[in-house]
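Novice: Chains E and H, in that order, are what the protein sequence lines are. Per this note's numbering, the first sequence starts with residue 83, numbered consecutively. Per this note's numbering, the second sequence starts with residue 697, numbered consecutively.
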Amino acid sequence: MLIQSLVLSAVLFAIGVAGVLLRRNAIVMFMCIELMLNAVNLFLVAVSRYAGIEGQIFVMFVMTVAAAEAAVGLAIIISIFRHYESVDVRNFRLLRW
Amino acid sequence: MAIGVVIVERPEQGVSYLRATLKGMALTFKHLVRPLTVSQQYPEEKWELAPRWRGTHRMAVHEDGRAKCVACGLCPTICPANCIKLVPAEDENGERYAAVYEIDEFRCIFCGYCQEVCPVEAIHVGVRARSPLHSVVGSGGSRVGVKARFAMDLSQIVFYLFAGVAVASGVLMVTRKNPVYAALYLVLALFSVAGLFVLLDAHFVAALQVLIYAGAILVLFLFVIMLLNLGHTLEPDIRGRFWWPFAGGLGLVLLAELVAVTRGAPEQPDEDLLTPLLQAKGAVATVAEPLFQNYVVALEVTGILLLVAMVGAVVIAKRKA
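#1: How is the beta strand (DSSP E) around residue 798 of chain H delimited, first residue to last?
#2: How many Å lie between residue 900 of chain H and residue 115 of chain E at the Cα?
#3: Below 9 angstroms between beta carbons: does that hold for residue 135 of chain E and residue 739 of chain H?
#4: Counting contacts by CB-CB distance shorter than 9 angstroms, is residue 166 of chain E in contact with chain H?
#5: Using a beta-carbon distance below 9 angstroms, is residue 174 of chain E in contact with chain H?
#6: Please report whether the beta-carbon of residue 761 of chain H lies at a distance below 9 angstroms from any beta-carbon of chain E.
#7: Listed in chain order, which residues of the segment 140-171 of chain E have Cβ atoms closer than 8 angstroms to some Cβ of chain H?
#8: With a threshold of 8 angstroms, establish whether the CB of residue 114 of chain E neighbours any heavy atom of the ligand COA.
#9: Just confirm the distance between the C-beta atoms of residue 890 of chain H and residue 905 of chain H, as a whole number of angstroms; I'd bet it's less than 8 angstroms.
#10: Interface residues of chain H around residue 109 of chain E at Cβ under 9 angstroms?
#11: Can you find the residues in the same chain that come closer than 7 angstroms, C-beta to C-beta, to residue 727 of chain H, ignoring five residues on each side of it along the sequence?
#12: Identify the continuous alpha helix (DSSP H) that holds residue 758 of chain H and give its terminal residues.
#13: Ignore the nearest five residues each way along the sequence and tell me which others in residue 934 of chain H's own chain have a CB closer than 8 angstroms to its CB.
#14: Grouping DSSP H, G and I as helix and E and B as strand, with all else coil, what is residue 815 of chain H?
#15: Closer than 8 angstroms, Cβ to any Cβ of chain E: which residues of the segment 887-906 of chain H, in chain order?
#16: Counting only the same chain and skipping the five closest in sequence on each side, list residues whose C-beta sits under 6 angstroms from that of residue 892 of chain H.
#17: Tell me whether residue 172 of chain E sits in a helix, a strand or coil according to DSSP, three-state version.
#18: Provide the residue(s) that pair with residue 785 of chain H in DSSP beta bridges, ordered along the chain.
#19: What are the residues of the segment 939-954 of chain H that lie near chain E, defined by any Cβ-Cβ distance shorter than 8 angstroms?
#20: Going by beta carbon distance, what residues of the same chain come within less than 8 angstroms of residue 977 of chain H, once the five residues before and after it are set aside?
#21: Does residue 934 of chain H come within less than 9 angstroms of chain E when only Cβ atoms are used?
#22: Give the DSSP-derived three-state secondary structure of residue 821 of chain H in the structure shown.
#23: Is residue 913 of chain H close to chain E, meaning its C-beta is less than 9 angstroms from at least one C-beta of that chain?
#24: Quick one: grab the DSSP three-state call for residue 778 of chain H.
#25: What residue range does the alpha helix (DSSP H) around residue 138 of chain E cover?
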């Protein structure tokens, strides 16, 4: 089941990448990033059986970072939305608001 | 009327159920104050087996490791369940031995006749081999193989089920216009990945996945979508015709590269490091011990990271005065 897990994590990661490139909605782009992070988590868990338990430990840190990233990123989106009334990334041209 | 029959006067009406109920309640309370431990905490404490307990079979061996069986054929003859398969053979010294000796443990009724009939006391149905998962003499039709194969097939099926759901909901998440739908499909994908974590024996990570990802993070996403009231502004936010082949092609290239990398993984990988740990320590301690011993500094740093992220989110999202 190792090989299948690795291939599945590659597929999920590619879907995430394609989503980030395809969408203009910043929130959906964030979701695609979460999917990519999750694909990496799947990879780490799959190899943790043979490479040591550190894989699962690392997954927890990835989850923490994902949570922090989601909180800060969504706060930024809210802040930008107040200014432009939109979450379209075409509006995000200036690094100020 | 037949002899010896006693007619008992049973009042059919006017009998209150109260007395019987109270009697039952009294028994219950008696056990409440003086609990009788009748439950056996099975895997921790095991039954004391009688010395004559008849368990699964065990072949006795000589000092040099040769099986004592002389392939006389008495045990397959006497076996009432007809579960012993014996093919005799002779070695170069003219001594008979069992070339094939298989006992179908599914069919065996554990009568012990084979042990009684054996002229050289080669076969034992004894206490030492009582576990049904113990390896059986000549394990041809034994329970172990059947069970392992069935579990293997089942986990494969469940794996492909979860994998299919994860990929399908991932694609749907990317292609749905409505961000609420996208978020819900992401929940589905994350749940499927949690199921895969369970299949991969990472139970604690699966619980975290459901709690943190599918719970906390997705609720945050949905909260922001609804706070900004984006659920029904279906402006097409998917990029135009030029981007489709670009994104799809790039995704495919990336996929091909990653799959090419996984081709390098060995078909039969090294020894399984996880299962002995899980059996020794359980699902939580397996990850908790290294987390709080070797990686405790990193753990503290993530705590600070979360604090910073929390403060940062509040500051950034705060409405300017």
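No residue lacks a Cβ here, since even glycine has one placed at the ideal position from N, Cα and C. In this text, all values refer to a predicted model and were calculated from it rather than measured experimentally.
Specialist: On the basis of the coordinates in this document:
#1: Start and end: 792-799.
#2: About 23 angstroms.
#3: Going by C-beta atoms, residue 135 of chain E is not nearer than 9 angstroms to residue 739 of chain H.
#4: By this cut-off, residue 166 of chain E is not an interface position.
#5: Using beta-carbon distances, residue 174 of chain E does not count as an interface residue toward chain H, since no partner is under 9 angstroms.
#6: Among the residues facing chain E, residue 761 of chain H is not included, as its CB has no counterpart in that chain under 9 angstroms away.
#7: Correct list: 141, 142, 143, 145, 146, 147, 148, 149, 150, 151, 152, 153, 154, 156, 157, 158, 159, 160, 161, 163, 164, 169, 170.
#8: Looking for the ligand COA in the displayed structure turns up nothing, as the structure carries no ligands at all.
#9: About 4 angstroms separates the CB atoms of residue 890 of chain H and residue 905 of chain H; that is less than 8 angstroms, so the two are in contact.
#10: Here the neighbours are 875, 878, 879, 917, 920, 921, 924, 926.
#11: Closer than 7 angstroms at Cβ, skipping near neighbours: no residue.
#12: No alpha helix (DSSP H) contains residue 758 of chain H, which DSSP labels as neither H nor E.
#13: Taking residue 934 of chain H as the centre and dropping the five residues before and after it, the same chain places the C-beta of 871, 873 closer than 8 angstroms to its C-beta, in chain order.
#14: DSSP, reduced to helix, strand and coil, places residue 815 of chain H outside both helices and strands of the structure shown, so it counts as coil.
#15: Those residues of the segment 887-906 of chain H that come within reach of chain E (Cβ to Cβ, closer than 8 angstroms) are 889, 892, 893, 895, 896, 897, 898, 900, 901, 904, 905.
#16: Hits under 6 angstroms: 858.
#17: Here residue 172 of chain E sits in helix by DSSP.
#18: Note: residue 785 of chain H sits in a beta bridge opposite H:793.
#19: From the segment 939-954 of chain H, only 939, 940, 942, 943, 944, 946, 947, 948, 950, 951, 954 have a Cβ closer than 8 angstroms to chain E.
#20: Here the set comprises 985.
#21: Contact with chain E is found for residue 934 of chain H, since one of that chain's Cβ atoms lies less than 9 angstroms from the residue's Cβ.
#22: Correct three-state label for residue 821 of chain H: strand.
#23: So yes, residue 913 of chain H belongs to the interface.
#24: The answer is coil: DSSP assigns residue 778 of chain H none of H, G, I, E or B.
#25: If you look at residue 138 of chain E, you'll find it in the alpha helix (DSSP H) that goes 136-166.
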